[in-house]
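Last residue of the sequence shown: 573 (the working numbering), numbering continuous.
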Amino acid sequence: MSFKSDIEIAQEKQLLHIKEIAKKLSIKEDDLEMYGKYKAKLPLHLIDEEKIKNNNLVLVTALTPTPAGEGKTTVSIGLTEGLNKIGKQATVVLREPSLGPVFGIKGGAAGGGFSQVVPMEDINLHFTGDFNAIEKANNLLSALIDNNLQSKENNLNIDPRTILWKRVIDMNDRALRDITIGLGGTANGIPRQDGFNITPASEVMAILCMTTDFENLKKRLGDIFIGFTFDKKPVFARDLKAENAMAILLKDAIKPNLVQTLEENPAIIHGGPFANIAQGTNTLIATKMGLSLSNYVVTEAGFGADLGAEKFLNIKSAFGDLNPKCVVLVATIRALRHHGGAQKEAYNTPDLEKVKTGFSNLEKHIENIRKFNIEPVVAINSFVSDSDKEVNFVIEKCASLGVQAVLSKGWANGGEGTKDLATAVVDVVENKATEFKPLYNWRSPVKDKIETIAKEIYGATSVEYDNKAKLNLRRIDRLGFNDFAICMAKTQKSFSDNAKLIGRPENFVVTVREIEIAAGAQFIIPILGKMMRMPGLPSKPASEGMTIDNNGVISGLS
16 MSFKSDIEIA QEKQLLHIKE IAKKLSIKED DLEMYGKYKA KLPLHLIDEE KIKNNNLVLV
76 TALTPTPAGE GKTTVSIGLT EGLNKIGKQA TVVLREPSLG PVFGIKGGAA GGGFSQVVPM
136 EDINLHFTGD FNAIEKANNL LSALIDNNLQ SKENNLNIDP RTILWKRVID MNDRALRDIT
196 IGLGGTANGI PRQDGFNITP ASEVMAILCM TTDFENLKKR LGDIFIGFTF DKKPVFARDL
256 KAENAMAILL KDAIKPNLVQ TLEENPAIIH GGPFANIAQG TNTLIATKMG LSLSNYVVTE
316 AGFGADLGAE KFLNIKSAFG DLNPKCVVLV ATIRALRHHG GAQKEAYNTP DLEKVKTGFS
376 NLEKHIENIR KFNIEPVVAI NSFVSDSDKE VNFVIEKCAS LGVQAVLSKG WANGGEGTKD
436 LATAVVDVVE NKATEFKPLY NWRSPVKDKI ETIAKEIYGA TSVEYDNKAK LNLRRIDRLG
496 FNDFAICMAK TQKSFSDNAK LIGRPENFVV TVREIEIAAG AQFIIPILGK MMRMPGLPSK
556 PASEGMTIDN NGVISGLS
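1. Would a C-beta distance cut-off of 8 Å place I283 and S217 closer than the cut-off?
2. Going by alpha carbons, who is nearest to N154 out of G97, L265, I62 and G200?
3. Just the C-alpha distance for P281 and V132, rounded to the nearest angstrom, thanks.
4. V406 and V478: beta carbons closer than 8 Å?
5. Checking 8 Å against the spacing of the C-beta atoms, do L436 and L94 come in under that value?
6. When the Cα atoms are used, what is the spatial distance from I384 to L486?
7. Which same chain residues, not among the five before or five after H380, have their C-beta less than 6 Å away from its C-beta?
8. Along the chain, where does the alpha helix (DSSP H) containing L543 start, and where does it finish?
9. Going by C-alpha distance, which of Y53, I205 and T364 is nearest I33?
10. What's the call for L299, buried or exposed, on a 16-neighbour Cβ count within 10 Å?
11. Once you ignore the five residues that flank N170 on each side, which residues in its own chain have a CB closer than 7 Å to its CB?
12. Whole angstroms is fine: what's the gap from K434's alpha carbon to E48's?
13. Would you call the region 199–214 and the region 233–242 touching, i.e. three or more CB-CB distances under 8 Å?
14. Give the C-beta separation of L40 and Y311 to the nearest angstrom, bearing in mind that I take them to be a contact with Cβ-Cβ under 8 Å.
15. Within the same chain, show all residues whose beta-carbon is closer than 6 Å to that of E279, passing over the 5 residues directly before and after it, in chain order.
16. Out of K247, L308 and K256, which one is the CA nearest neighbour of K234?
17. Rounded to the nearest angstrom, what separates K404 and K386 at their Cα positions?
18. Around the Cβ of T514, are there at least 16 other Cβ atoms within 10 angstroms (buried) or fewer (exposed)?
19. Locate the beta strand (DSSP E) running through A77, then write down its first and last residues.
20. Just curious, the alpha helix (DSSP H) that V441 is in, first and last residue?
21. In this structure, what does DSSP give as the bridge partners for Q507?
22. Just to confirm the assignment: which complete alpha helix (DSSP H) runs, minimum length 4, are found wholly within the region 52–123?
23. Which residue wins for smallest C-alpha separation from Q507, given the options A83, H60 and I62?
24. Assign P460 to one of two classes, buried (16 or more other C-beta atoms within 10 Å of its C-beta) or exposed (fewer than that).
25. Check this for me: beta carbons of A394 and V418, under 8 Å apart or not?
26. Measuring only the C-alpha atoms, how far is V90 from I101?
27. Nearest to I505 by CA position, among T177, R253, A290 and P271, is which residue?
28. Using only CA atoms, which one of S397, G144 and A105 lies nearest to L114?
29. Between the beta-carbon of Q537 and the beta-carbon of M225, is there less than 8 Å?
30. Counting pairs of Cβ atoms below 8 Å between the region 554–566 and the region 105–119, do you hit three or more?
31. On the CB-based measure, 16 or more other CB atoms within 10 Å of its CB, does K87 come out buried or exposed?
32. Given a threshold of 16 other Cβ atoms within 10 Å of its Cβ, counted over all protein chains shown, does T195 qualify as buried or as exposed?
33. Does any heavy atom of the ligand FMN sit closer than 7 Å to the C-beta of V133?
34. Compare the Cα-Cα distances from D581 to each of L61, F142 and F129 and report the closest residue.
35. Could you tell me which of E471, K483, E531 and I472 sits nearest to N497, measuring between CA atoms?
36. If distances are taken between C-alpha atoms only, which option among G200, I138 and T177 comes closest to Q208?
This is how it looks when you write it as structure tokens:
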């Protein structure tokens with residue numbers, strides 16, 4: 016029997032009814048809002064701030080990844096299985112997959128091998144409809160804006176040239192980046208330029224991930240900054256009386272989703288912003304829900320630690336009063352070869368010298384995590400192409416830095432393959448954990464906060480601002496948004512803003528091209544380089560390899 020067949024058997028075995036998973040978390044059956052047999056929504060009253068303080072949060076991040084990713088989600092799920100194997104009560108808390116990557120380059124985002132969350136097909140596709148609700152709430156505001164431009168009775172005098180709000184769709188579709196709307200005569204609206212972002216880049220997504228309760232959700236939605244009137248006055252969503260209608264569309268989406276792992280452990284999945292153009296973490300509500308119900312919570316932040324982890328710590332943890340006890344840095348031998356100069360076709364070819372050179376990237380991430388007063392553990396996500404010499408070098412080199420590096424075999428062996436990693440994490444949590452501290456104070460000047468991230472996390476020598484960014488800084492000051500957090504938009508392929516600078520680049524300058532405002536989410540978004548908020552499909556999309564048979568059985572989605 017092939018190994019693939021073993022995984023298929025594991026996927027196809029009868030799942031535990033979600034009520035049985037809920038029992039493991041001491042959730043009453045009456046508190047479950049069922050979505051079939053294997054999915055449920057969790058009510059917000061289960062969040063308990065006292066329990067949160069006493070339980071343990073573990074963040075999984077990675078070194079700077081290759082385009083295919085280094086398996087953070089797989090390691091997060093595997094680590095959760097491993098923690099439960101060694102007697103800890105653990106829950107994994109993850110983001111929901113976006114259909115853009117699912118049908119684009121990466122395929123599904125529910126883990127892999129024997130470290131998966133299930134039902135995998137449902138999670139990767141429409142799940143419980145959260146993304147759809149976010150998309151509809153976003154586009155309702157767009158419709159209200161264009162309706163107001165047309166209105167003669169309640170017109171807010173919005174200058175169409177200043178409108179910053181865009182429509183969204185959860186698909187990679189480059190043709191929608193820049194469009195013209197309102198054509199076809201006076202009955203069809205005011206012609207103007209517009210465009211689409213992908214749904215994970217919506218500020219509604221960011222708001223959902225930062226909100227604390229339903230009242231806070233409405234307040235944040237009302238605070239969305241739209242643009243200016245012709246007489247230069249700022250316009251917000253509340254001026255269109257949009258916040259209640261938008262919140263109504265999100266009444267179920269605000270509740271976290273409960274599913275399970277292949278080893279029948281609890282998994283909470285909620286929210287899904289990207290980490291290169293948004294904050295890259297699941298909802299604050301979901302993380303707190305996990306910490307209210309479980310002794311250990313394993314969660315992940317998107318792309319490398321310079322993106323998702325930096326934002327998780329400086330934005331989410333600082334705002335939500337979270338105290339991560341340990342950070343797991345996922346590394347792969349193939350990514351170290353890449354940062355050592357290996358070409359794509361040689362990623363799977365053993366090359367100890369390339370690994371030695373590429374280790375500088377991982378070393379910088381280790382240094383960065385320690386700047387937050389947190390001790391890291393390195394998880395070497397195992398691939399069959401890894402050589403013993405390469406793996407042993409990473410373990411020994413990490414040990415020389417005082418960091419434990421552990422081979423993680425969750426993909427091949429599930430929880431049995433991650434017990435050593437789980438033990439290393441517990442050792443840090445119980446014996447080495449310190450009090451997390453953010454890298455900057457939200458009340459510091461905007462440029463100081465930007466430069467702190469660029470210099471301390473990226474390793475830049477300085478920051479330059481294009482003319483548009485300078486104008487944006489003056490706008491931020493005029494609107495009184497100086498106390499917001501910083502959510503950098505930057506390539507995930509390099510510490511710098513130049514995707515070609517692999518490894519640990521030095522003596523480089525980052526350039527802020529422009530700065531966007533997410534007033535409802537309470538952060539501002541400096542854009543470094545040419546960042547796309549609406550990706551395109553590759554020449555051969557992942558969708559081409561997917562099939563569904565006459566019985567509705569799907570293949571090629573994971």
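Cβ coordinates follow ideal geometry from the N, Cα and C atoms, glycine included.
According to the structure shown:
1. no
2. L265
3. About 9 Å.
4. no
5. With respect to the 8 Å criterion, L436 and L94 are classified as neighbours on the basis of their beta carbons.
6. 33 Å
7. L78, A320 and L344
8. Element bounds for L543: not the alpha helix (DSSP H) but the beta strand (DSSP E), F538 to L543.
9. When only C-alpha atoms are compared, the closest one is Y53.
10. buried
11. N163
12. 33 Å
13. no
14. That belief does not hold up - the Cβ atoms of L40 and Y311 are roughly 12 Å apart, past 8 Å.
15. L31
16. Comparing Cα positions, the closest option is K256.
17. 30 Å
18. Checking the sequence, you will find Ala at residue 514 rather than Thr. It is exposed - the Cβ of A514 has fewer than 16 other Cβ atoms within 10 Å.
19. Following the DSSP letters along the chain, one finds A77 inside the beta strand (DSSP E) bounded by residues N71 to A77.
20. K434 to D442
21. Beta-bridge pairing links Q507 to no other residue.
22. 64–69, 87–100 and 114–118
23. Nearest C-alpha to Q507: A83.
24. Exposed.
25. no
26. Going from the Cα of V90 to the Cα of I101 covers about 16 Å.
27. Here the sequence assigns Lys to residue 505, which means Ile is not the residue at that position. Ranking the options by Cα distance to K505, first place goes to A290.
28. G144
29. Their beta carbons are under 8 Å apart, which means Q537 touches M225 by this criterion.
30. The region 554–566, when compared against the region 105–119, does touch it at the 8 Å Cβ threshold.
31. buried
32. exposed
33. In terms of ligand content, the structure shown is empty, and the ligand FMN therefore cannot be addressed.
34. The requested residue 581 is not part of the displayed model; the chain covers only 16 to 573.
35. E531
36. T177
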